[in-house]
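*Asks:*
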Amino acid sequence: MNVTVTVNGKAYTRDVEPRTLLVQFLREDLGLTGTHVGCDTSQCGACTVHLNGDAVKSCTVLAVQADGMSVTTIEGMGTPADLHPLQAGFWEKHGLQCGFCTPGMIMSAAELLKHNPDPSEEEIRHHLEGNYCRCTGYHNIVLAVRQAAGALRAAALAEQAADD
Amino acid sequence: MYPANFDYQKASSVAEALAVMAANPDVKVIAGGHSLLPAMKLRLAQPPALLDVWGIEELKGIRREGDWFVVGAMTTHADVLRSELPLFPEVAYEVGDPMVRNRGTIGGSLAHADPSADYPAAALALGAEFVIRGPEGERTVPAGEMFLGMFESAVQPGELLTHVRIPATVQASAYEKFKHPASHYAIVGVAVIRDANGQIRAAYTGAGEKAERLHRLEERLNSGQPVGTGLVESATLLGDRFASPEYRAHLVDVLAERAAARV
Amino acid sequence: MTESRPDKYMGQALKRKEDPRFITGTGQYTDDFVLPGTLHAAMVRSPYAHARITNIDRSSVDGMPGVVAVLTGEDVQAAGIGPIPVGWLLPDLKVPAHHAVAQGEVNHVGDIVAVVVAETRAQAEDAAALLAVDYEALSSVALGSAALAEGAPQVHDDVPGNVAFQWEIGDEAALNEAFNRAHKTVKVQLRNHRLIPNAIEPRASLAQFSPASREYLLYTTSQNPHIHRLILAAFVMGIPEHKLRVISPDVGGGFGSKIFQYQEEVIVLLAAQKLGKPVKWTARRSESFVSDMQGRDHESVAELAVDDQGKMLGLRVNTVANLGAYLTLFAPAVPTYLYGTLLNGVYKFPAVHARVTGVVTNTVPVDAYRGAGRPEATYLIERTVDVMAHELGMDPAEFRRINFIQPDEFPYQTPVALVYDSGNYEPALDKALEMMHYQELRAEQERMKGTGKILGIGLISYLEACGLAPSALVGQLGAQAGQWESSLVRVHPTGKVELYTGSHSHGQGHETAFPQIAADELQIPIEDIDLIHGDTGRMPYGWGTYGSRSAAVGGSALKMALGKITAKAKKIAAHLLEASEEDVEHEGGVFRVKGAPSQSKTFFDVALMAHLAHNLPEGMEPGLEATAFYDPKNFVYPFGTHIAVVEIDTDTGVVRLRGYGCVDDCGPLINPLIAEGQVHGGIAQGAGQALWEEAAYDEDGNLLAGTFMEYAVPRADDLPHFQTDHTVTPSPHNPLGVKGIGEAGTIASTAAVANAVMDALWHECRIKHLDMPYTSEKVWRAIREARGGMGQAADD
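Chains as they are written, first to last, in our numbering: chain A, 1308 to 1471; chain B, 40 to 302; chain C, 13 to 808.
(1) Helix, strand or coil for residue 802 of chain C? Go by DSSP, reduced to three states.
(2) Whose C-beta lies closer than 6 angstroms to the C-beta of residue 1370 of chain A among residues of the same chain, with five residues either side of it excluded?
(3) Taking the alpha carbon of residue 58 of chain C as the point to measure from, which residue in C/83, C/101 and C/125 has its own alpha carbon closest?
(4) So which residues of chain E does residue 1308 of chain A contact, with C-beta pairs closer than 8 angstroms?
(5) To the nearest angstrom, how far is the alpha carbon of residue 808 of chain C from that of residue 277 of chain B?
(6) Residues in its own chain within less than 7 angstroms of residue 322 of chain C by CB, not counting five upstream and five downstream?
(7) What's the call for residue 506 of chain C, buried or exposed, on a 16-neighbour Cβ count within 10 Å?
(8) Does the region 701-711 of chain C come close enough to the region 1455-1471 of chain A to have 3 or more Cβ pairs within less than 8 angstroms?
(9) If we cut at 7 angstroms on Cβ distances, does residue 804 of chain C have a partner in chain A?
(10) With DSSP as the reference, please indicate the residues paired to residue 306 of chain C in a beta bridge.
(11) For residue 183 of chain C, name the three-state secondary structure that DSSP assigns.
(12) If you draw a straight line from the C-alpha of residue 804 of chain C to the C-alpha of residue 733 of chain C, how long is it?
(13) Whole angstroms is fine: what's the gap from residue 351 of chain C's alpha carbon to residue 560 of chain C's?
(14) Return the CA-CA distance between residue 521 of chain C and residue 29 of chain C, expressed in angstroms with no decimal places.
(15) What three-state label does DSSP hand residue 154 of chain B in the structure shown?
(16) Take residue 102 of chain C as the anchor and find which of C/33, C/60, C/176 and C/32 has the nearest alpha-carbon.
(17) Skipping 5 residues on each side, what residues in its chain have a beta carbon closer than 6 angstroms to that of residue 150 of chain C?
(18) Would you mind stating whether residue 297 of chain C and residue 1354 of chain A have Cβ atoms separated by less than 7 angstroms?
(19) Just the chain B side, please: which residues come within less than 9 angstroms of residue 1467 of chain A by C-beta, in chain order?
(20) For residue 292 of chain B, I'd like the list of residues in its chain whose CB is within less than 6 angstroms of its CB, leaving aside the five on either flank, ordered along the chain.
(21) Let me make sure I understand the geometry here. Which of A/1429, A/1344, A/1337 and A/1444 has the alpha-carbon closest to that of residue 1411 of chain A?
(22) For a contact meaning CB atoms closer than 7 angstroms, what does residue 1432 of chain A contact in chain C?
(23) Mark residue 1464 of chain A as exposed unless 16 or more other C-beta atoms lie within 10 angstroms of its C-beta, in which case mark it buried.
(24) At a CB-CB cut-off below 7 angstroms, which residues of chain C make contact with residue 1351 of chain A?
(25) At a CB-CB cut-off below 7 angstroms, which residues of chain C make contact with residue 293 of chain B?
(26) What do you get for residue 188 of chain C, buried or exposed, if any count of 16 or more other CB atoms within 10 angstroms of its CB means buried?
(27) Is it right to say residue 292 of chain C is buried, meaning 16 or more other beta carbons lie within 10 angstroms of its own, or is it exposed?
(28) Name the chain C residues whose beta carbon is nearer than 9 angstroms to that of residue 81 of chain B?
(29) Take residue 211 of chain B and list the residues in its own chain whose beta-carbon comes closer than 6 angstroms to its own, dropping the five residues that flank it on each side.
(30) Give the residues of chain A in contact with residue 76 of chain B, contact being defined as C-beta atoms less than 9 angstroms apart.
(31) Of the residues C/607, C/693 and C/718, which one's Cα is nearest the Cα of residue 267 of chain C?
(32) Consider the Cβ of residue 505 of chain C: report whether some Cβ of chain A lies at a distance smaller than 7 angstroms.
(33) Examine the Cβ distances between the region 77-92 of chain C and the region 105-115 of chain C and report whether three or more of them are shorter than 8 angstroms.
(34) Quick one: what's got a C-beta closer than 6 angstroms to residue 305 of chain C's C-beta in the same chain, skipping five residues either side?
(35) Taking the DSSP output, what are the residues bridged to residue 67 of chain C?
(36) Which value, in whole angstroms, describes the spacing of the CA atoms of residue 136 of chain C and residue 496 of chain C?
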């Protein structure tokens, strides 16, 4: 089936089997390998991307279901020269070791900060229950998200001040 | 990782979905897909065709109709979580994780009748109603007749759960959940509400083959007695490596006590 | 550039150099690589724990879309592929053949029966699901002690009684004598249950064969690419070693599980050679559960004797180690030399004796998993020590304190072979007690009585031996490989530097820590230095990363290579400065003449001249490059004290890990940010074992926890904020003074959390011991039975 999905702002049309998972579409059809697969039971969250702005597990969405929708992956969040505050936070606070869960973790955390700009440690931990990390014990991930939240709030205030 | 292959089509209206189901009895309805797709990936389920109803606009959203909220079956857990519904937002917070909640739907979950799902306890305690449409037209099923067994709901082949009707006014409500440490599904979940007339209604999920009302708890609380113990018979419950029937029965008592204390 | 260089990089909590690629999704893991024309392999795995394969009907997948080939054990045999060898031999070790694809018999659920290769992964999986295989089921056994019982099913005909080895260490007569004069003894039966490592990146391998040059290329998820090259070339496939290049690119966590030579790596190489196209395999997580080597699985009896002052007299240990269906790379070493030799812990034991029986069963093989033997030893010692402290009515901290080896007693010869290099155990204990406000916690524990919640405070003082290893020593003990490490330093004409190491980073931050060492030695900015690792085609030889060896052994090799560079650089600088070498000092980023600071040469000047070679000292070779090989003189012995705080809900039995604090001593820290991160992750994995994780099998060998739906990996909301601190006691025998920190957290935390739970249960209702994991029903039942006067849960 033909599907058209806008990924990181660019529309891609590909012919896929109905069974193609969104994550396979991203990785194999588009070569966007920043999104990872860590399990086959929709739990680990390594494959988290944004679908029409909401964080989803791209291993549990069919590519055909995403037809006509827009996807943001880790590759669309920021570049080494222009990091998203979450990317900067993970770097600064050593919120990653092997890096495999990191893209999903960042995409999931972005969803949290969208709805809750100043989450408590407990809220961050609850929110991240769908993202497994085997390296960090989550300690520095929590610090990274808090730092990013602070940076985003500061940026929002600065923007507001500039508008005033 | 890959499911076995299947045919796929998207329905844009309930009428279209019903027509597709009528024409192809083997078609399997997919909503958020968070129960179905993992089973398909492990090849525990191999439906020949999927009918995607997730995007049907008429099934999305929550509206108020008098004393009832009418919730579209394709309303996501995330939307339920941020809604004005009684009890359900608290329950939705315990469903899956944020990504699951963005895709999974209230209708998909309730029609699937997973014995360890959270919503059925809330639906039974609140006295929700289920609007089901099929080739013969529309019918409304009370919560007590919705959950028939393990993965078996009142929704019949060829039918679609379109809306869930939830009483708008309750005085208080609480949901207490005991999670499986790995899956985070409910080993036991207990919902207790005090309805508009001050009467207690309660139900549990997870412990047995299907969610059930907690009549014994209701009787005790409505006659001024304490919660006590022995609310359910362990012989009627499920058991596994993590939680035996006896332990589950005990957890029903403990969680009922905690939920009751909050209403 | 040089102006911005800080005085010292070692010890600084620098952000990691490798992170920009990971946080932007541009890391390159094995499954991310694409080679043109790649075919995909899917494994057909046994659903039986033990069975004879009576027929494989290849025609059952004939004509299926995209199917290119089906490989069976016969094909593997016909290709002359040998069994996968064991890397550590013990006397009289029985080694059942471990073939790449089963030959006639399967011995665990998940054993590979056949391989389907197809044009796409989906097609390969479709056909693998349909390949018709007939089995004749055989009786099977899963538990180590059950496999030793009379009449137990025989896993392999050539392993009589299922006993792969019997091993002992220590002076049994001395131990018996110690027990004879004991004031008090305790005996504890302990099960250290089995775990599944579950690195979040599933294993994957991609092989390519070039018929013209007969060269093989293997991308694989490995902690040690050189070991694979050696094993595959010399033992399994008979490929000339220089014709096989193994690349282990970014790897998504290992924890031991990516050390070993796996069947699938052999399979993709063979398939690529036979089919003339690249072949890739990537594990589904449900495959990982039945094919990644698993960890732990001991059944032990521990007995501890003390005198009337509470001084420890002796420890007697008897352990049955379940090795699973086959013996894999380090399997015989883990429950022996990495376990029995550690049973002295941090205490002054006059005598220790341990007996270990290694048993084969119809389960996934067991090998090194984070800590490998040392967590098992630490759990056994520290749990038994707590039982004794409880029974003596002594505070667990004080009981430990009076038994510590003292700082002036190092090097310390234990009764179980090891000689500890350095240690100072009491300051770490005191710092941890202070950090966690231990006395206040004890007061809170009393106050909480009767509230429906019980507080447990678990304290352990661990020691581990890491930095594997002195080659001659491990050779004597049965290792089939050396355990040194090597490093190459290559200085380019522009003064930019590449470091190469034979160790491998899969999360440990080598690409930052190694340049930190080099930047200090070369006195140049760290931005000018990169580390390269994980490619046998680019690296000097090496043995990879496991046993917390990278800093202590790989880092030391680097330091030696850097020493050669600076020595040559100084000679060149002296020559250019027309001064004698003795008069030149290397300071502040330049080479200068003592007493004439205006005369100096930068590292860049020297590097350029080394390559231009226009003006070098007489007879000197051009270039600036050095390789060094470092073979450690001894293991290194990190230690510390960890304290876990748990709260138990007596109504439900739920254990909540409320707090965790630790003081570790791994010598000087190269990068505190990275070292702390290693500790955090280690704590989480160890706590996971104590509270949630369990690779449970039924009696017949069916894995009952085969997905994340049943196997509980710790999640963010299961864990508390960790408090970490350290003391610094350098190792006297390596040039950096460093000890390992990669495994310490796990080695310590399982025992700390277990002791916390049992501390709560002892204080509440005098329960002496329960086995991990402390799942809620188990704890609830134990409390209920104890309160009902049904006595101790553990036998005496």
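Ideal placement from N, C-alpha and C gives every residue a C-beta, glycine not left out.
*Replies:* In terms of the structure at hand:
(1) On the third sequence, residue 802 of chain C is found 790 positions in, with the first residue counted as 1. For residue 802 of chain C, the predicted model reports a pLDDT of 45, less than 50, meaning its position is unreliable; a value from the coordinates is still stated below. Assignment of residue 802 of chain C by DSSP, reduced to helix, strand and coil, places it in the coil class.
(2) In the first sequence, residue 1370 of chain A corresponds to position 63, counting from 1. Only 1310, 1323, 1327, 1329 and 1332 meet the Cβ criterion.
(3) The residue given as residue 58 of chain C occupies position 46 in the third sequence. Comparing Cα-Cα distances from residue 58 of chain C to each of C/83, C/101 and C/125, the minimum goes to C/125.
(4) No chain E is part of this structure, whose protein chains are labelled A, B and C.
(5) Translated into positions along the third sequence, residue 808 of chain C becomes position 796. Translated into positions along the second sequence, residue 277 of chain B becomes position 238. Any reading at residue 808 of chain C is ruled out, since the residue's pLDDT is 37, under 50, leaving its predicted position unreliable.
(6) Your numbering for residue 322 of chain C matches position 310 in the third sequence. So the qualifying residues of the chain are 404, 406, 411 and 414.
(7) Counting from one through the third sequence, the residue named residue 506 of chain C turns up at place 494. Counting Cβ neighbours within 10 Å, residue 506 of chain C comes out exposed, since fewer than 16 surround it.
(8) They do not touch, by the three-pair rule.
(9) As a position in the third sequence, residue 804 of chain C is number 792, starting the count at 1. Low confidence applies to residue 804 of chain C: its pLDDT is 40, below 50, so where it sits in the model is not reliable enough to give any reading.
(10) Position 294 of the third sequence holds residue 306 of chain C. Paired residue(s): C/378.
(11) As a first step, residue 183 of chain C is located in the third sequence; it is residue number 171 there, counting from the start. Residue 183 of chain C falls in the coil class under three-state DSSP.
(12) The count along the third sequence starts at 1 and reaches residue 804 of chain C at position 792. The count along the third sequence starts at 1 and reaches residue 733 of chain C at position 721. Caution applies to residue 804 of chain C, whose pLDDT of 40 falls short of 50 and renders its modelled position unreliable; the value that the coordinates give is listed next. Between residue 804 of chain C and residue 733 of chain C, the C-alpha separation is close to 33 angstroms.
(13) Taking the third sequence and counting its residues from 1, one reaches residue 351 of chain C at position 339. Taking the third sequence and counting its residues from 1, one reaches residue 560 of chain C at position 548. Between residue 351 of chain C and residue 560 of chain C, the C-alpha separation is close to 15 angstroms.
(14) Within the third sequence, residue 521 of chain C is the residue found at index 509, counting from 1. Within the third sequence, residue 29 of chain C is the residue found at index 17, counting from 1. When rounded, the distance between both Cα atoms is 8 angstroms.
(15) Residue numbering aside, residue 154 of chain B sits at position 115 when the second sequence is read from its first letter. Residue 154 of chain B falls in the coil class under three-state DSSP.
(16) The sequence position of residue 102 of chain C within the third sequence is 90, counting from 1. Among C/33, C/60, C/176 and C/32, the Cα nearest to that of residue 102 of chain C belongs to C/176.
(17) Your numbering for residue 150 of chain C matches position 138 in the third sequence. Once the five neighbours on either side are set aside, the close Cβ partners of residue 150 of chain C are 62 and 63.
(18) Position 285 of the third sequence, counted from the first residue, corresponds to residue 297 of chain C. Position 47 of the first sequence, counted from the first residue, corresponds to residue 1354 of chain A. No, the pair does not count as a contact, with Cβ atoms beyond the cut-off.
(19) Here residue 1467 of chain A refers to the residue found at position 160 of the first sequence. The contacting residues do not exist; residue 1467 of chain A stays about 24 angstroms from chain B at best.
(20) To locate residue 292 of chain B, count along the second sequence from 1; it is residue 253. The answer, listed in chain order, is 268 and 270.
(21) Position 104 of the first sequence, counted from the first residue, corresponds to residue 1411 of chain A. The residue with the shortest Cα to Cα distance from residue 1411 of chain A is A/1344.
(22) Here residue 1432 of chain A refers to the residue found at position 125 when the first sequence is read from its first residue. Simply 728 and 729.
(23) What you label residue 1464 of chain A is simply residue 157 of the first sequence in a count that begins at 1. Counting Cβ neighbours within 10 Å, residue 1464 of chain A comes out exposed, since fewer than 16 surround it.
(24) Here the question's residue 1351 of chain A lines up with position 44 in the first sequence. Result: 212 and 720.
(25) As a first step, residue 293 of chain B is located in the second sequence; it is residue number 254 there, counting from the start. Per Cβ cutoff of 7 angstroms: 663 and 664.
(26) Counting from 1 along the third sequence, the entry for residue 188 of chain C is found at position 176. By the 10 Å Cβ count, residue 188 of chain C comes out exposed.
(27) Reading the third sequence from its first residue, position 280 is the one you call residue 292 of chain C. Buried.
(28) Along the second sequence, read from residue 1 onward, the residue named residue 81 of chain B stands at position 42. The answer, in chain order, is 296, 298 and 719.
(29) Locating residue 211 of chain B in the second sequence gives position 172, counting from the first residue. Contacts found: 233 and 302.
(30) Looking up residue 76 of chain B in the second sequence gives position 37. Neighbours of residue 76 of chain B on chain A, chain order: 1328, 1349, 1366, 1367, 1368 and 1369.
(31) Here residue 267 of chain C refers to the residue found at position 255 when the third sequence is read from its first residue. Among C/607, C/693 and C/718, the Cα nearest to that of residue 267 of chain C belongs to C/693.
(32) By 1-based counting over the third sequence, the position of residue 505 of chain C is 493. No, residue 505 of chain C does not count as interfacial toward chain A.
(33) yes
(34) If you number the third sequence from 1, residue 305 of chain C lands on position 293. These residues qualify, in order along the chain: 269, 272, 340, 377 and 379.
(35) Translated into the one-based positions of the third sequence, residue 67 of chain C becomes position 55. BP columns for residue 67 of chain C point to C/146.
(36) As a first step, residue 136 of chain C must be located in the third sequence, where it is residue number 124. As a first step, residue 496 of chain C must be located in the third sequence, where it is residue number 484. Roughly 41 angstroms between the two C-alpha positions.
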